[in-house]
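Here's the structure, in structure tokens; my notes come after.
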Amino acid sequence: MDKKQIRQKMLKARSSLSEQERTTYSDLIMSYLVHSEIFTKASQVASFLDFRDEVCMSPINDYILKTQKSLCLPYIDMKNKIMTFHAVNAISDLKLSPYGILEPDPKRHTQIDLKSIDLVLTPGVAFDMKGFRLGYGGGFYDRFFEKISPDVPRIGVAFSLQQLDVIPVESHDLPLTALITEKGIHWF
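Residue 113 in numbering that gives the first Met the number 0 sits at position 114 of the sequence shown, and the numbers go up by one each step.
Written out as structure tokens, the structure reads:
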């Protein structure tokens with residue numbers, strides 16, 4: 000299968016989850032994450048907000064804020080094709096993007112220095128058994144990963160049905176450190 004076919008298949012599979020399954024699996028994912036040593040040690044977490052039937056990130060992001068960690072969320076500048084991360088103190092402070100996704104307002108939320116991030120929670124459409132991910136096709140996370148230290152853990156957050164044995168990779172693709180699903184944490 001090519002990337003387009005994989006995206007179609009995975010998005011369809013993910014959307015087939017019932018709301019109850021999505022909630023139950025998301026709760027399990029949160030539990031595995033917050034009890035992991037890698038999360039406990041982190042102080043500045045780059046996370047994301049879910050859309051298109053992704054893992055529900057609201058409880059995870061709320062927990063990050065409650066535990067006095069710094070929550071950083073992505074802002075995507077579509078005109079310049081760049082993604083920046085901004086410190087957020089409350090999810091209620093976010094604005095709706097032209098694409099219907101909540102995001103920080105770069106005029107109100109401080110852009111963070113990428114060197115200060117010590118954990119990245121990463122969305123995706125599909126993930127393989129070697130740690131490679133397939134996103135939505137914009138390349139934002141690929142470019143972001145090139146800018147942060149390779150020592151910063153990059154954790155994919157997804158449902159197990161999004162895992163494949165192999166996905167097509169390109170020379171610029173960087174693998175994740177781990178993938179967390181409702182079945183646990185898979186380290187690469």
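C-beta atoms are modelled at their ideal positions from N, C-alpha and C, and glycine is treated no differently.
It should be emphasised that the depicted structure is a prediction, and the values quoted were computed from it without experimental measurement.
Assuming residue i contacts residue j under a Cβ cut-off of 8 Å, what Cβ separation, rounded to an integer in Å, is found between them?
i, j, result
"residue 158", "residue 13", "6 Å"
"residue 141", "residue 112", "20 Å between Cβ atoms; not a contact."
"residue 64", "residue 70", "5 Å"
In angstroms, rounded to a whole number, what distance separates the CA positions of residue i and residue j?
i, j, result
"residue 151", "residue 74", "20 Å"
"residue 184", "residue 155", "10 Å"
"residue 76", "residue 20", "33 Å"
"residue 85", "residue 110", "4 Å"
"residue 0", "residue 174", "20 Å"
"residue 51", "residue 15", "11 Å"
"residue 129", "residue 165", "8 Å"
"residue 120", "residue 132", "12 Å"
"residue 170", "residue 4", "20 Å"
"residue 33", "residue 79", "34 Å"
"residue 87", "residue 94", "12 Å"
Who pairs with residue i in a beta bridge, going by DSSP?
i, result
"residue 69", "43"
"residue 183", "180"
"residue 74", "83"
"residue 155", "121, 178"
"residue 13", "DSSP lists no partner for residue 13."
"residue 94", "102"
So the candidates are the options; which of them puts its Cα closest to the Cα of residue i?
i, options, result
"residue 38", "25, 20, 60", "60"
"residue 68", "45, 83, 78, 134", "45"
"residue 92", "112, 70, 80, 103", "103"
"residue 182", "26, 9, 123, 8", "26"
"residue 136", "147, 89, 122", "122"
"residue 83", "95, 70, 100, 105", "105"
"residue 81", "2, 139, 66, 114", "139"
"residue 31", "18, 62, 6", "62"
Using the three-state DSSP reduction, which class does residue i fall into: helix, strand or coil?
i, result
"residue 33", "helix"
"residue 104", "coil"
"residue 142", "helix"
"residue 26", "helix"
"residue 51", "coil"
"residue 38", "helix"
"residue 127", "strand"
"residue 163", "strand"
"residue 133", "strand"
Could you check whether the Cβ of residue i sits closer than 8 Å to any Cβ belonging to chain D?
i, result
"residue 71", "No chain D appears in the structure shown, which is made up of a single protein chain."
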